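Taking it in order: structure first as structure tokens, then the write-up.
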Amino acid sequence: MSTPPIKVKLKFFLVLKLLILFFLCSSQLGYSQKREKSFSISGFVDFNGYHDTRSFSTLTYNILLQLSDRLQYFSLTNHDGQSSSSELTTTYAEHNLRYKLSQNSPLDATLQYVIRNGAFNDDIKLGIRWRLNNTMGLSSFFKKLQMSYSVNSMLVQFRNSTQTKYATQLEHVYRIALFPKSLNNRLYLGGFADQIVNYTNDKISFTWVTEHQLGYRVYKQLYVVAEYRRNEFRTQGIDGLGYGLEYVVKF
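As structure tokens, then:
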């Protein structure tokens, strides 16, 4: 007899809570052993409003919290709506916990919870993230470029409407400061490329979702931004350009 969808959903939430508890407990243990001074949580929240040339608008907000020396939380949330209406009709969100494998390691164990519109299509993903700019032998190269770059390999994916999947995705994330001295750190290029792995008839292919944003700081933490977007899951309008404003709150 098959397990009811609601029970499966509850099992996913239970697994998620247990993993979060594990990360928090592990982090606090290492933190209490190695540091006597209190840790101050740091991070940022940024808000982005775009118009896309494919006749829709997007409200995005990103949150980064450095919870301890080794534990980090990051989330992104997108709300889309037609440009002709003020209503936001679709939502996509990713919530990530990242736990550094050791104090000086460039590798993080990652837990990602993906929320989408619709019933029973959320994902829980487990992976390993490699921060190349923090890797011995590469860090000096990235420091000269004032660039960060990481790759997150999603090793296991759970979704209650499908079977468990393995090695499903690579997430590439980067950011680089452009002409930092001459422009006083006002200009940056940053973005991501999600490389989704497809297994069909013993063959491997890739589907890409990617965004690349150019931002220029015009006043304090207010930026004007332009973005190239590509989503190969769309049947029409795969490529688009977005432009708008970004405001960053750091703490």
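If you number the sequence shown the way the working numbering does, the last residue is 605 and the count never jumps. Even for Gly, the Cβ is constructed at its ideal location relative to N, Cα and C. Here the structure is a predicted model, which is why all the values come from computation and not from measurement.
field: Outcome for K479 when other beta-carbon atoms lying within 10 angstroms are tallied against a minimum of 16
entry: The count along the sequence shown starts at 1 and reaches residue 479 at position 125. Buried: at least 16 other Cβ atoms inside 10 Å.
- prompt: Are V572 and Y597 closer than 8 Å when you measure CB to CB?
  reply: The residue labelled residue 572 in the question sits at position 218 within the sequence shown. The residue labelled residue 597 in the question sits at position 243 within the sequence shown. The answer is no: Cβ separation not under 8 Å.
query: What's the call for G491, buried or exposed, on a 16-neighbour Cβ count within 10 Å?
result: Residue mapping note: residue 491 aligns to position 137 of the sequence shown, counting from 1. Exposed: under 16 other Cβ atoms inside 10 Å.
task: Could you spell out the range, first to last residue, of the alpha helix (DSSP H) harbouring L499?
output: Sequence index remark: in the sequence shown, residue 499 carries index 145 (1-based). It spans 493 to 499 - the alpha helix (DSSP H) in which L499 sits, taken as one unbroken run.
- request: Taking only the alpha-carbon atoms, compute the straight-line gap between E323 and H566 and give it to the nearest angstrom.
  value: In this structure the chain extends from 355 to 605, so residue 323 is not present and cannot be described.
- prompt: Using CA coordinates, which residue listed in L576, Q420, G403 is at the minimum distance from S440?
  reply: By one-based count along the sequence shown, residue 440 stands at place 86. The candidate whose alpha carbon is nearest that of S440 is G403.
message: Alpha carbons only, please: which of V468, Y453, R470 is nearest the one belonging to T462?
response: As a working mapping, residue 462 is identified with position 108 in the sequence shown. First, the amino acid is wrong: residue 462 is Asp here, not Thr. Checked all of V468, Y453, R470; the closest Cα to D462 is Y453.
message: Pairs of beta-carbons, one from the region 516 to 525 and one from the region 491 to 500, closer than 8 Å: are there three or more?
response: Too few Cβ pairs lie closer than 8 Å, so no.
query: Looking only at DSSP bridge pairs, what is T414 linked to?
result: Here residue 414 refers to the residue found at position 60 when the sequence shown is read from its first residue. T414 is bridged to N402, N432.
message: For Y542 and S438, I'd like the C-alpha separation in whole angstroms.
response: Within the sequence shown, the letter at position 188 stands for residue 542. Within the sequence shown, the letter at position 84 stands for residue 438. In a straight line, the C-alpha of Y542 is about 31 Å away from that of S438.
- request: Name the two residues that bound the continuous beta strand (DSSP E) containing S559.
  value: Taking the first residue of the sequence shown as 1, we reach residue 559 at position 205. 557 to 573 is the span of the beta strand (DSSP E), which, as asked, contains S559.
message: Could you tell me the alpha carbon to alpha carbon distance between T554 and G481, rounded to whole angstroms?
response: For the purposes of this step, residue 554 is identified with residue 200 of the sequence shown, where counting begins at 1. For the purposes of this step, residue 481 is identified with residue 127 of the sequence shown, where counting begins at 1. If you take the alpha carbons of T554 and G481, they lie about 22 Å apart.
Candidates L418, R470, L509: closest to R432 by CA position: Sequence index remark: in the sequence shown, residue 432 carries index 78 (1-based). It should be noted that the sequence gives Asn, not Arg, for residue 432. Measuring from the Cα of N432, the nearest candidate turns out to be R470.
- prompt: Does the beta-carbon distance from Q466 to E448 come in below 8 Å?
  reply: As a first step, residue 466 is located in the sequence shown; it is residue number 112 there, counting from the start. As a first step, residue 448 is located in the sequence shown; it is residue number 94 there, counting from the start. Taking 8 Å as the Cβ cut-off, Q466 and E448 qualify as a contacting pair.
message: Relative to the C-alpha of T561, which candidate in D548, G569, L455 has its C-alpha closest?
response: If you number the sequence shown from 1, residue 561 lands on position 207. Cα-wise, what sits closest to T561 is D548.
- request: Let me know the secondary structure DSSP gives L486 once reduced to three states.
  value: As a first step, residue 486 must be located in the sequence shown, where it is residue number 132. In the three-state scheme derived from DSSP, where H, G and I count as helix and E and B as strand, L486 is classed as helix.
task: Using alpha carbons as the reference points, say which of N487, L568, D593, K574 lies closest to Y601.
output: If you number the sequence shown from 1, residue 601 lands on position 247. Nearest option by C-alpha distance: K574.
Where G591 falls: helix, strand or coil (DSSP): Taking the sequence shown and counting its residues from 1, one reaches residue 591 at position 237. Correct three-state label for G591: coil.
message: Please return the same chain residues whose Cβ sits closer than 8 Å to the Cβ of D593, not counting the five positions on each side in sequence.
response: As a working mapping, residue 593 is identified with position 239 in the sequence shown. Spatial neighbours of D593 in its own chain (CB-CB distance under 8 Å, excluding positions within 5 residues in sequence) are listed in chain order as Y582, R583, R584.
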